[in-house]
Amino acid sequence: MRSHMQNLIMALFLLSPLAVSDVAAESLLAGEEIARRINARNEGEVVSRFITMAMTDRSGTERVRETKSIRKYFGKEKRTIIFYLSPSNIKDTAFLTYDYPEADRDDDQWLYLPAARKVRRISASDRGDYFLGTDFTYEDIRKETKVGIEDYSWKTLGEETIDGHRCFLVEEIPVTDKMAKELGYSKVQSWIDAEIWMVRQAKYWDVAANPLKTLQVREITLIQDIWTAHQLSVENHKTGHKTVFTFKDVTYGQSVKDEMFTEDALRRGY
Amino acid sequence: MARSYTACGILALAGWLIAASALAESTPDETKSSQSSNHRFSAVLESEAAYGMARDRADKLEMLLEPQWEYRWSDDTRITGIARLYTEGFDHLEPGRLSQGEVAPNSRRLQLGDRTDIELREFYMRTRLWGMHLTLGKQQVVWGKADGLKLLDVVNPQNFREFILDNFDDSRIPLWTVNAEVPVGGGNLQLLWIPDRTYHRLPQAGATFAFSSPLIVPQAPPGVTVNLRPLERPHNIMMDSDVGMRFSKFWHGWDLTVNYLYHFADFPVLFQSVLLTPSGATVTVNPRYERNHLIGGSLSNAFGNLTVRGEAIYNTDQFVLTTNRRDGDGVIKSGEMAYVLGLDWSGIQDTMLSVQLFQSWLLHPGDGMVRDPLDTMTTVLLRRHFLNETLETEVIWLQSVNQGDGLVRPKVSYELRDNLKIWTGFDLFYGDRKGLFGQFDRNDRLVIGMEMGL
């Protein structure tokens, strides 16, 4: 029996050398290569979806915002616009960002506040600030399920399983102290699905090296042949505050006019 | 008596807050906006009370209900209607029946007694036609980048019921407007035609915030009779319309606009004539709206932690009161150049420090003008958020450099529930009573309020 098993294993080994060497190569994948594969994942040129943002504080009080978000690539430049639909006292608030591919170029961001009926330019170095009361930073919102390769040094720590999926565990350290302050993190550990190259879980440490928050990415399904996360949840361990983004009606490839991503479109609303 | 009014006001607001909190908590999900229906209905209920500290009386107890209805005809076409029910418990801000002389007949509020009125705030259709964005109907058009200072934000007039203390969205008066936006040369060209001849609502004598500064109101010497003539309003819907244009473009990281507005300035010019009779002198004041060309532009950009904002304008026809007795009509006409430069610094998380410098030059100053040819004002805003932006603290300080007067507004607001915000703060005026802010030195007040989304 033992000899039969050994023969079988040997046969499998001989018959599938490519597959085995792939696994071996992947297990040795450098962190930076994993980051590149995350960013190389197809996320569609245009995506449109409704996002429910549920925020719960330590005492259990929940705040819910309904939003519409549209993102479009202009070459390698990514533009995202988010319109708030409810509740009625913050309805029509809108956020626009231009995310440039050049590492040395600050992103451009605008915020429309209906109480003032004016579009306000936001400084790009606010990217470590929390986005409109959520536990996601402006940078998290801009990157969505992608990563800032140049912002961190990447190191693969090993493999682990998350929700039954084989994942690489990668550690990311901001390249400079200044970058750490800008991002608000001194370290990030990400669990990246080895099949679909999407982060399934991430842990963040603040600039003082204290545990800060945990991100979980759930309900990942294929939509129009694009892997799509339908739930992102973040729990802040320092404040006990939690944010859950739930995505609905996700559509790729919809025709969206370029003028949708302008200051004037923010003002006109959705 | 005043104290009992105050106590009643505070008790009423406290009761209302408790009731609103319970209502906000029990608001079912079905009442929230739905994306699936073509109709969207929402409403905002706002209540604010103010206690006048120097007068030792309750200055206001107001309630605003703003229902909003939106019908989405297609992806490109929608109709929006916003109404407002306004009621004020003490009738100090707009005492008695409103004359509404500054307001065009089809834009007036429907008065239900002295303390309550209903207004159609906005009603417009937004659509796309031949590549243009068209917004037709009663609406607000807001230009400019400055906070709290209005150089370019003059398309719509303002209700000065609470001087500049009311938030601009509430105090700005929407106008019936044809608003076309055309993509041109990688930018956006906005064209405006405004047949609505509605101008600033100015508080009448006896109102809490009635103007008294000699910068705005001519001062009659003792013993001189003043004869105030009725307001002369432009009357031709075509010839007396306002027209405007704004071209905006994002250029190498800069948000740039060029603006032009041919309009009736929203403050009436108080022309004066003196008649000497054996029984004494009589000054007749003829308030009349005058045309002005406004040419200007704005810019903004971000550099690291710093955001730069600016506006500059040239007004062809500004009218300034004069005390020169040899002047024929009591006003001097001059061109005006003005700018505001603002810097927002956000180097500390959840914190913003914003400073602005405003200067205005009169190009043709005359003898006896009540204001200096160069007028300078500064503003400082410090704002910090806590607890995931549920708690906001801020202080705003406006200072007139020429007059030495100003206004300080510390405020704390807290998002008590998903759709319920409460706040409290002070509005503190200081300086000489001849100044724009100093005239309200006795109007310092403590404010508490709430806003609830329905």
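Chains A and B are the protein sequences, given in the same order.
Take the first sequence: its position 56, counted from the start at 1, is 70 in our numbering, and no numbers get skipped.
Take the second sequence: its position 211, counted from the start at 1, is 273 in our numbering, and no numbers get skipped.
We put the beta carbon where it would ideally sit given N, CA and C, even for glycine.
List the residues of chain B whose Cβ lies closer than 9 Å to the Cβ of Ile136 (chain A), in chain order.
Against Ile136 (chain A), the close residues of chain B are Ala364, Thr369, Asp406, Ser408, in the order they occur along the chain (beta-carbon pairs closer than 9 Å).
Using CA atoms only, rank isn't needed, just tell me which of A:Thr94, A:Arg72, A:Ser102, A:Glu47 is closest to Val270 (chain A).
If we check each option's Cα against that of Val270 (chain A), A:Thr94 comes out closest.
So, using beta-carbon positions, are Gly147 (chain A) and Asn450 (chain B) closer together than 9 Å?
In this structure, the beta-carbon distance from Gly147 (chain A) to Asn450 (chain B) falls below 9 Å.
Please tell me whether Pro101 (chain A) has its Cβ less than 9 Å away from any Cβ of chain B.
Pro101 (chain A) belongs to the set of residues whose beta carbon lies under 9 Å from a beta carbon in chain B.
If you run the structure through DSSP and keep just helix, strand and coil, what is Arg50 (chain A)?
The answer is helix: DSSP assigns Arg50 (chain A) an H, G or I state.
Please list, in chain order, the residues of the region 137–157 of chain B that have any C-beta partner in chain E closer than 8 Å.
The question asks about chain E, but that chain is absent: this structure's protein chains are A and B.
If I follow the unbroken alpha helix (DSSP H) through Ala279 (chain A), where does it start and stop?
Boundaries of the alpha helix (DSSP H) harbouring Ala279 (chain A): 277–282, taken from the DSSP string.
Taking the C-alpha atoms as reference points, what is the distance between Tyr284 (chain A) and Met274 (chain A)?
Going by the C-alpha atoms only, they are around 9 Å apart.
Take Lys92 (chain A) and list the residues in its own chain whose beta-carbon comes closer than 6 Å to its own, dropping the five residues that flank it on each side.
For Lys92 (chain A), the CB contacts under 6 Å within the same chain, skipping 5 residues up- and downstream, are Asp113 in chain order.
Run of the beta strand (DSSP E) containing Phe309 (chain B), from where it starts to where it stops
Counting along the chain, the beta strand (DSSP E) containing Phe309 (chain B) begins and ends at 304–313.
Taking all protein chains shown into account, do 16 or more other C-beta atoms lie within 10 angstroms of the C-beta of Gln130 (chain B), making it buried, or fewer, making it exposed?
It is buried - the Cβ of Gln130 (chain B) has at least 16 other Cβ atoms within 10 Å.
Check the Cβ of Leu146 (chain A) against every Cβ in chain B and list those closer than 8 Å, keeping chain order.
Within 8 Å Cβ-Cβ: Glu451.
Check each residue of the region 255–274 of chain A: if its Cβ is closer than 7 Å to any Cβ of chain B, include it; give the result in chain order.
When CB distances to chain B are screened at a threshold of 7 Å, the residues of the region 255–274 of chain A falling below it are His255, Glu273, in chain order.
To be precise: take each residue of the region 220–246 of chain B, compare its Cβ to all Cβ atoms of chain A, and keep it if any distance is under 7 Å. Which residues remain?
The residues in question are Asn229, Phe230, Asp231, Glu243, Pro245.
Indicate whether at least one CB of chain A lies closer than 9 Å to the CB of Ala105 (chain B).
Cβ-Cβ to chain A under 9 Å: yes for Ala105 (chain B).
Nonlocal neighbours in the same chain, by C-beta distance under 8 Å from Gly254 (chain A), ignoring five residues either side:
Asp71, Arg72, listed in sequence order.
Using a C-beta cutoff of 9 Å, does Ser310 (chain B) count as contacting chain A?
Answer yes: the Cβ-Cβ gap between Ser310 (chain B) and chain A drops below 9 Å somewhere.
For the beta strand (DSSP E) that contains Ala105 (chain B), what are its first and last residues?
It spans 101–114 - the beta strand (DSSP E) in which Ala105 (chain B) sits, taken as one unbroken run.
Looking only at its own chain, which residues have a Cβ that is under 8 Å from the Cβ of Glu209 (chain A), when we skip the five neighbours before and after it?
Same-chain partners within the cutoff: His179, Arg180.
Beta-carbon proximity list for Glu92 (chain B), same chain, < 6 Å, skipping 5 on both sides:
Only weak support exists for where Glu92 (chain B) lies, its pLDDT of 38 falling under 50; the value from the coordinates is given anyway. Spatial neighbours of Glu92 (chain B) in its own chain (CB-CB distance under 6 Å, excluding positions within 5 residues in sequence) are not present.
What is the rounded straight-line gap between the Cα of Arg156 (chain A) and the Cα of Ser137 (chain A)?
A straight line joining the alpha-carbon of Arg156 (chain A) with that of Ser137 (chain A) spans about 14 Å.
Listed by chain order, chain B residues near Val78 (chain A) by CB distance under 7 Å:
The contacting residues are Asp480.
Is the region 376–385 of chain B in contact with the region 416–431 of chain B, if contact means three or more CB pairs nearer than 8 Å?
Judged by Cβ distances under 8 Å, the region 376–385 of chain B makes contact with the region 416–431 of chain B, as three or more pairs qualify.
Residues of chain B with a CB under 9 Å from the CB of Asp120 (chain A): which are they?
Here the neighbours are Gly315, Ala364, Phe365, Gly366.
Out of B:Phe103, B:Asn221, B:Phe491, point me to the one whose CA is closest to Ser462 (chain B)'s CA.
The option with the nearest alpha carbon to Ser462 (chain B) is B:Phe491.
In angstroms with no decimal places, state the Cα-to-Cα distance between Ala374 (chain B) and Asp302 (chain B).
Computed Cα separation, rounded: 26 Å.
Residues that Arg131 (chain A) contacts on chain B, provided the C-beta gap is smaller than 7 Å
The contacting residues are Gln202, Val204, Asp231.
On the DSSP bridge assignment, give the partners of Ser297 (chain A) in chain order.
Past the boundaries of the shown model lies residue 297 (chain A); chain A is included only from 15 to 284, so the question cannot be answered.
Output, in chain order, the set of chain A residues within a Cβ distance shorter than 8 Å of Asp179 (chain B).
Contact of Asp179 (chain B) with chain A by beta-carbon distance below 8 Å is absent, the smallest such distance being about 22 Å.
Closest by C-alpha distance to Ala364 (chain B), when choosing among B:Gly249, B:Val320, B:Asp412, B:Phe312
When each option's Cα is compared against that of Ala364 (chain B), the closest is B:Phe312.
Output, in chain order, the set of chain B residues within a Cβ distance shorter than 8 Å of Met69 (chain A).
Those are Asn450, listed as they occur along chain B.
In three-state terms, what does DSSP make of Phe27 (chain A)?
Interpretation of Phe27 (chain A) is limited by its pLDDT of 41, a score under 50 that renders its predicted location unreliable; no figure is taken from the coordinates.
Residue of B:Thr344, B:Ala327, B:Asn289, B:His447 minimising C-alpha distance to Lys212 (chain B)
Here the closest residue by C-alpha is B:Ala327.
Proximal residues, the region 219–238 of chain A versus chain B, C-beta separation under 8 Å
Within the region 219–238 of chain A, no residue has its Cβ closer than 8 Å to any Cβ of chain B.
Could you check whether Val305 (chain B) and Leu254 (chain B) sit closer than 9 Å to each other, using their CB atoms as the reference points?
Yes, the Cβ-Cβ distance between Leu254 (chain B) and Val305 (chain B) is below 9 Å.
Just checking: is the beta-carbon of Pro128 (chain A) within a distance shorter than 9 Å of some beta-carbon in chain B?
With 9 Å as the cut-off, Pro128 (chain A) counts as an interface residue toward chain B.
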